[in-house]
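Chemist:
Protein chains: 2
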Amino acid sequence: MAIGPFTQDDLDEIYAFAVDLGRKAGKLLMERVDQRISDANGRPNSFEEKENSVDIVTQTDEDVEVFIRNALETKYPSHKFLGEEAYAKGQSRNYLIDEQPTWCIDPLDGTVNYTHIFPMFCVSIGFIVQHKPIIGVIYAPFTDQLWSSCSGRGAWLNETRRLPLIHNPTPPMPANAPSQCIFSCEWGKDRRDIPDGNMHRKIESFVNMAAEVGSRNGRGGMVHGVRSLGSATLDLADIAAGAAILLEAGGLMTTANPPDDVDTAPIEDVRLGSRLYLAIRPAGPSATETGRETQERTVREVWRRVRNLEYSRPGA
Amino acid sequence: MAIGPFTQDDLDEIYAFAVDLGRKAGKLLMERVDQRISDANGRPNSFEEKENSVDIVTQTDEDVEVFIRNALETKYPSHKFLGEEAYAKGQSRNYLIDEQPTWCIDPLDGTVNYTHIFPMFCVSIGFIVQHKPIIGVIYAPFTDQLWSSCSGRGAWLNETRRLPLIHNPTPPMPANAPSQCIFSCEWGKDRRDIPDGNMHRKIESFVNMAAEVGSRNGRGGMVHGVRSLGSATLDLADIAAGAAILLEAGGLMTTANPPDDVDTAPIEDVRLGSRLYLAIRPAGPSATETGRETQERTVREVWRRVRNLEYSRPGA
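Taken in order, these protein sequences are the chains called A and B.
Convert by adding 13 to the 1-based position in the first sequence; the result is the number in our numbering.
Convert by adding 13 to the 1-based position in the second sequence; the result is the number in our numbering.
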């Protein structure tokens, strides 16, 4: 399948390069972990370790970004590169993505986990053509797990297990979704205790999703489980690489901010560069619905249960 | 180190047997996952998969328990065995653990994750002598990660990385803990929307831990991250194997239900068989405190922020 200026052969080559690059970058992350674990010398003030950790992690983040950037700019000088640095300036990525083939990378997703050597961290490398994420590579080096996809080639775990990791044929979303679903969400960094602020709106949304059916003015969702891994990429809730892999596997990604009319608003693909994503797993048909219909029904049921969030600060 | 009737040589042999058994049981769990993923035939009603999944998972849980039980009873006929079955009867494990050497196992921890083929599930095998967990084996087959410990032999990841996975020497708990800590918690199954019920008490506790310092009448804990993996064992918050490994690595485990006087109540080792655990990571000394003191200070700070929970129903 050709996309923009790229033949499938072109894409296959770029895909192989991205997978290799993801693994190498992940190896760098693990080398730094090993250094931190074994670095027993020259630290008389061991109780200051935590401050040191944050500095070390920031440095690692930057170093791995430079490593990935250099590799991509050398191999593909005509492509555009967007890293954490561009994002950290507070710009919406919306405006940074144009017609040019663009790499969108996060050298270290799950920074807090990495700081604490909690295994859920990863390298995330996405390739975007004509505003569509078409190649995705997510590598979690601690557990040596690689999720990847390329348009036309499917989505894979460790290059051998086809995604989604559910029954074949893929089942529909449950009839009473979000009940019987796993609900993945993140608490985020905005912890201000403002009555109707983002943190409390999130909590209200989470509790709606969790509470028994029939409760909370009909909003009780009784999800099967509530999960927070601390890595938006591993939650499959964020950014280019995750979107590429989810979409290639048959998932749906749209906005988590409910529109005014949750029953009838069109369910549009989310724009990369927005801040709030709702990802629904791949789904097959039920007796009465197409797979897409079961996903869209689930989107509307989630929208009924969650509050709008407002983010004006970067990183919040 | 000898414990009860066991020499260190005895313990080493039992430990090796438990590690091997954990790996074999995990392999069984993965075989069933592979069957479920590839089982495309003979299922005309594919939309009924979810109900089927739950049955299949229950069957797997039972089969793996029988496998582990048979292996242990054949090898160690004089030891006592406690599995899910004993627990499911609603008895507190408190009363089930006596002076006899006892195996306490969970064939499938993270059942909901397993049902959804979300990688965080594991086999958990603990060995208890004189009320103390002295051998622990936790094997997560999806990511091929094995945590294990034996009294006198340390705690390990994949038998090669010594735990805890933090700096050497082990840093103290942060001066302003729980700030700068990762807080792992589980939403659980009790989703009743009762104003002062368990779910809302939990949420209040979680929000206290997360909110910025200074907020919520001084209870804002501003933890670095809030995590929910859906596997109490992998959270290191539960049961015999987890306790064995945590304690061998230098961690502390006590009750999560705050006593009446959080400032002065003794911090006792939690009794296996209770329902609510608070686990604190291994910690070294600060300039002014022993490692244990930094842990105990953190326990009291957590107790200040969490509500008592009441569990009268099994599985709630």
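Ideal placement from N, C-alpha and C gives every residue a C-beta, glycine not left out.
Note that the structure is a prediction, hence the values are computed from the model and not measured.
1) Let me confirm a value: residue 91/A is counted as buried when at least 16 other C-beta atoms fall within 10 Å, else exposed. Which label applies?
2) Residue 26/B by DSSP, collapsed to three states: which one?
3) Spatial neighbours of residue 156/A within its chain, please: CB distance less than 8 Å, with the 5 preceding and 5 following residues excluded, ordered by chain position.
4) Is the distance from the Cβ of residue 243/B to the Cβ of residue 240/A below 8 Å?
5) If you scan the region 182 to 211 of chain A from start to end, which runs of the beta strand (DSSP E) of 3 or more residues do you find wholly inside it?
6) Cβ closer than 7 Å: which chain B residues qualify as neighbours of residue 158/A?
7) Taking all protein chains shown into account, decide if residue 141/B is buried (16 or more other Cβ within 10 angstroms of its Cβ) or exposed.
8) Is residue 181/B close to chain A, meaning its C-beta is less than 8 Å from at least one C-beta of that chain?
9) Do three or more CB pairs link the region 190 to 202 of chain A to the region 279 to 288 of chain A at distances below 8 Å?
10) In chain A, which residues lie with their C-beta within 7 Å of the C-beta of residue 228/B?
11) Does the beta carbon of residue 330/A come closer than 8 Å to any beta carbon on chain B?
12) Restricting to runs no shorter than 4 residues, where is the alpha helix (DSSP H) found entirely within the region 211 to 235 of chain A?
13) Hey, is the region 159 to 174 of chain A in contact with the region 110 to 118 of chain B, meaning 3+ C-beta pairs nearer than 8 Å?
14) Mind listing the chain A neighbours of residue 131/B? Cutoff is C-beta to C-beta under 7 Å, in chain order.
15) For residue 66/B, which of helix, strand or coil comes out of DSSP?
16) Using a Cβ-Cβ cut-off of 6 Å (strictly less than) and excluding sequence neighbours within five positions of residue 138/B, which residues of its own chain qualify?
17) In angstroms with no decimal places, state the Cα-to-Cα distance between residue 238/B and residue 124/A.
18) Name the chain B residues whose beta carbon is nearer than 8 Å to that of residue 125/A?
19) Secondary structure at residue 79/B, three-state DSSP: helix, strand or coil?
20) With a 10 Å radius around its C-beta and 16 neighbouring C-beta atoms as the bar for buried, classify residue 268/B as buried or exposed.
21) For residue 32/A, does the three-state DSSP call read helix, strand or coil?
22) Closer than 8 Å, CB to CB, is residue 318/B near chain A or not?
23) Cα separation between residue 277/B and residue 293/B?
24) Taking the beta strand (DSSP E) that residue 168/A belongs to, which residues open and close that run?
25) To be precise: take each residue of the region 166 to 190 of chain A, compare its Cβ to all Cβ atoms of chain B, and keep it if any distance is under 7 Å. Which residues remain?
26) I'd like the span of the beta strand (DSSP E) that includes residue 291/A, first residue to last.
27) Between residue 42/A and the rest of its own chain, which residues show a CB-CB distance below 6 Å, the 5 nearest in sequence each way excluded?
28) Note down the Cα distance separating residue 318/B from residue 218/B, rounded to an integer number of angstroms.
29) Note down the Cα distance separating residue 95/A from residue 83/A, rounded to an integer number of angstroms.
30) Using DSSP with H/G/I as helix, E/B as strand and the rest coil, what is residue 158/A?
31) If you measure from the beta carbon of residue 50/B to each beta carbon in chain A, is any gap under 8 Å?
32) Would residue 147/A pass as an interface residue toward chain B - the criterion being a Cβ-Cβ separation below 8 Å?
33) Would you say residue 70/A and residue 152/A are within 8 Å of each other, going by their C-beta atoms?
34) Between residue 148/B and residue 27/B, how many whole angstroms is the CB-CB distance? I'm expecting something under 8 Å.
Modeler: A quick look at the data gives this:
1) exposed
2) helix
3) 132
4) yes
5) 195 to 197
6) 156
7) buried
8) yes
9) no
10) 206
11) The structure shown has nothing for residue 330/A, since chain A only spans 14 to 329.
12) 211 to 223
13) no
14) 195
15) helix
16) 31, 35, 118, 150 and 254
17) 10 Å
18) 195, 237 and 238
19) helix
20) buried
21) helix
22) no
23) 18 Å
24) 167 to 170
25) 178, 179, 180, 181, 182, 184, 185 and 187
26) 290 to 293
27) 154
28) 6 Å
29) 12 Å
30) strand
31) yes
32) no
33) no
34) 6 Å
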